[in-house]
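Peer 1: Shown below is the structure under consideration.
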Amino acid sequence: MTDRPSAADGAPGRIPLYRTIADGIIRDIRRGRFQEGSRLPASRALARTHEVNRATVHQALQVLKREGWIETNKGGGTRVARRSLAGPMVGPAPSWDRISSALLGRMLAEAGVPDGPLDGAHDLARLAPEEKEFPAEAFAKVLADVARDGALLAYGSPFGYRPLRETLAARLERRGVPADADALLIVNGAQQGLDLIGRALVDPGDAVAIESPSYSGALSLLRAQGARLLGVPLDAEGPAMEPLRSALAERPKFFYTIPDFQNPTGLLATAARRRELVAAATAAGVLVVEDAFDADLLVEGELPPPLAALAPGHVVHIGTISKALFPGVRVGWISGPREFVHRLAALKRIGELTSPPVLQAALNVFLSRGDYDRHLLRVKARLKARLALAHKTVLRSFPVGTRCERPLGGWVLWVDLPEDVSGRELAEAARGAGVLVSPGGDYAPDRADVPSLRISVARSSGAELEKALESLGVLARAAVRRAHRRAPRAEERREEALIQI
Ligand SMILES: Cc1ncc(COP(=O)(O)O)c(C=O)c1O
Numbered sequence: 251m252t253d254r255p256s257a258a259d260g261a262p263g264r265i266p267l268y269r270t271i272a273d274g275i276i277r278d279i280r281r282g283r284f285q286e287g288s289r290l291p292a293s294r295a296l297a298r299t300h301e302v303n304r305a306t307v308h309q310a311l312q313v314l315k316r317e318g319w320i321e322t323n324k325g326g327g328t329r330v331a332r333r334s335l336a337g338p339m340v341g342p343a344p345s346w347d348r349i350s351s352a353l354l355g356r357m358l359a360e361a362g363v364p365d366g367p368l369d370g371a372h373d374l375a376r377l378a379p380e381e382k383e384f385p386a387e388a389f390a391k392v393l394a395d396v397a398r399d400g401a402l403l404a405y406g407s408p409f410g411y412r413p414l415r416e417t418l419a420a421r422l423e424r425r426g427v428p429a430d431a432d433a434l435l436i437v438n439g440a441q442q443g444l445d446l447i448g449r450a451l452v453d454p455g456d457a458v459a460i461e462s463p464s465y466s467g468a469l470s471l472l473r474a475q476g477a478r479l480l481g482v483p484l485d486a487e488g489p490a491m492e493p494l495r496s497a498l499a500e501r502p503k504f505f506y507t508i509p510d511f512q513n514p515t516g517l518l519a520t521a522a523r524r525r526e527l528v529a530a531a532t533a534a535g536v537l538v539v540e541d542a543f544d545a546d547l548l549v550e551g552e553l554p555p556p557l558a559a560l561a562p563g564h565v566v567h568i569g570t571i572s573k574a575l576f577p578g579v580r581v582g583w584i585s586g587p588r589e590f591v592h593r594l595a596a597l598k599r600i601g602e603l604t605s606p607p608v609l610q611a612a613l614n615v616f617l618s619r620g621d622y623d624r625h626l627l628r629v630k631a632r633l634k635a636r637l638a639l640a641h642k643t644v645l646r647s648f649p650v651g652t653r654c655e656r657p658l659g660g661w662v663l664w665v666d667l668p669e670d671v672s673g674r675e676l677a678e679a680a681r682g683a684g685v686l687v688s689p690g691g692d693y694a695p696d697r698a699d700v701p702s703l704r705i706s707v708a709r710s711s712g713a714e715l716e717k718a719l720e721s722l723g724v725l726a727r728a729a730v731r732r733a734h735r736r737a738p739r740a741e742e743r744r745e746e747a748l749i750q751i
């Protein structure tokens, strides 16, 4: 009798035959075919049953013994171990509602039920670069290299891998931000940065000023942390100053702003507005949290100075590689006043000790060797073409009265439809037609439905992008017609109400 050829022991990726046999015997024990305490069939019989030689059966028995499934006695007999005599304890299930924290309740209320994936749909919703564009091979080589250094497989500093902090600080310096590796904290993506900042500063009921509309992930976090959100509308230059001044007068804990290709509007705040808003916040003694998540994705013109370059002592600056490189490595950073960054590092350490040093080291090589900047050039060329195409197609296909500015970078465009169109209904109809898009209301601090959509060009290009936008345009025109039919009825109802008075 010979071992089956597929059994090549130790072949990479294959399960050795003795393991398969051991698993079969475990299954038989679990199903009661071999009772606890009873003798296991002799190895010769097992070899016959499984059509293998006895050496393989012996290997399988060694595994079973090691894992506590069988016991052997001096006489050479093999019995099934008495492992489940005590049995699992049963009793009433924990009352999750009673023991859950208020924070968990708020978080779950925010998390909602995610829409399931839609096979074959055109995705104009997700703001994440496409996997097929990742420089995966190059990164894998660097990662394999650095992983040989045992020190990088140990716990690292809670601030993050120092050489990466130095590289990032130097890059920020080049943009005019007086950054310092000792006042820079590596975080698991900008999202963790926002979470830490929120947890460090917000007690339930505290006011936080935030652009309206703003990044849904920040809104969810802040709501879950119990913040009272003060929405600051945007105009063509950035956050509108009068509403911002009113919000600052309420002494919020901070003002959260996304000056570069704002999510969801794609707006690039002008240099003048940046100066104005930083001056207003500084005068009011309110901290500014600058989310520069898309700062590397300028495709046209010049990037105005970061807010952190204008008033370093009053601005906490957040960055990430997620949108220009890839989000799965989870590297973001916070640079800001040293005293605050050190407090955030303490908070981060309590929660998770450290971020993975090996990934940070690989990223550092990638940045220092120029791979990231070379990748960026390719990304920006693609992005520029997509933004131009999307903008042109929206203007051509959407109903009269639609407004859409062409962003100077970043992955998203904002589309304002004629009044009375429901962004939520339109996004739902689009989903039914196989186009995923985000309704503007998802970005409203008060969650109100608005006649707007956010379009992401991160996952679609060329003819496919054009086709998806044309279908959206058809649905938007139908929505406008429906809204017009509805509007007179609303008007009639208002008139009826007046007559009754
Ligand atoms: C404005 C903004 N900030 C932060 C994030 C989170 O990014 P990260 O992947 O770095 O956590 C996102 C993700 O979409 C975002 O849009």
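Residue numbering for the sequence shown follows the numbering used here, beginning at 251 and increasing consecutively. Note that the Cβ used here is the ideal one computed from N, Cα and C, for glycine as well. This structure is a prediction, so every number in the text was calculated from the model and none was measured.
How about Ala371 and Arg681: do their beta carbons lie closer than 9 Å?
Peer 2: yes
Peer 1: Leaving aside the five residues before and after Ala388 along the sequence, list all residues of the same chain whose C-beta is less than 8 Å from its C-beta, in chain order.
Peer 2: Only residues of its own chain outside the window of five on either side were considered, and among them Phe616, Asp621 have a CB closer than 8 Å to the CB of Ala388, listed in chain order.
Peer 1: Tell me whether Val671 sits in a helix, a strand or coil according to DSSP, three-state version.
Peer 2: coil
Peer 1: Counting along the chain, where does the alpha helix (DSSP H) carrying Ile265 start and finish?
Peer 2: Careful: Ile265 lies outside any alpha helix (DSSP H) and carries neither H nor E.
Peer 1: With a Cβ-Cβ cutoff of 9 Å, do Gln512 and Ser464 count as a contact?
Peer 2: Annotated as proximal: Gln512 and Ser464, with beta-carbon spacing under 9 Å.
Peer 1: Pop quiz: Pro556 and His567 are said to be a contact at Cβ under 8 Å. What is the actual Cβ separation, rounded to whole angstroms?
Peer 2: 6 Å
Peer 1: With DSSP as the reference, label Pro413 as helix, strand or coil.
Peer 2: helix
Peer 1: Using a threshold of 9 Å, state whether the C-beta atoms of Leu518 and Gly659 are closer than that.
Peer 2: yes
Peer 1: Among residues of its own chain, excluding the 5 on either side of Glu550, which ones have a beta-carbon nearer than 8 Å to its beta-carbon?
Peer 2: Lys634, Leu658, Gly659
Peer 1: Considering just the uninterrupted stretch of the beta strand (DSSP E) at Leu703, what are its terminal residues?
Peer 2: 702-706
Peer 1: Is the closest heavy atom of ligand 1 to the C-beta of Gln441 under 8 Å?
Peer 2: yes
Peer 1: Opposite Glu321 in the DSSP bridges: which residues?
Peer 2: Arg329
Peer 1: Ends of the beta strand (DSSP E) at Arg478?
Peer 2: From DSSP, the beta strand (DSSP E) with Arg478 extends over 478-485.
Peer 1: Would the beta-carbon of Pro483 be found less than 8 Å away from any heavy atom of ligand 1?
Peer 2: no
Peer 1: Measure the C-alpha to C-alpha separation of Pro689 and Leu676 and round it to an integer number of angstroms.
Peer 2: 8 Å
Peer 1: Identify the residues that DSSP records as bridge partners of Pro653: which are they?
Peer 2: The sequence shown places Arg at residue 653, rather than the Pro named in the question. Per DSSP, Asp666.
Peer 1: Using beta-carbon positions only, say whether Arg731 and Phe648 come within less than 9 Å of one another.
Peer 2: Against a cut-off of 9 Å, the Cβ pair of Phe648 and Arg731 comes out as no contact.
Peer 1: Run through DSSP, which three-state label would Ala397 get?
Peer 2: coil
Peer 1: With DSSP as the reference, identify every bridge partner of Ser688, one or two as the case may be.
Peer 2: Arg704
Peer 1: Kindly indicate which three-state DSSP category Arg289 falls into: helix, strand or coil?
Peer 2: strand
Peer 1: Give the range of the alpha helix (DSSP H) segment to which Ala521 is assigned.
Peer 2: 521-534 is the extent of the alpha helix (DSSP H) around Ala521.
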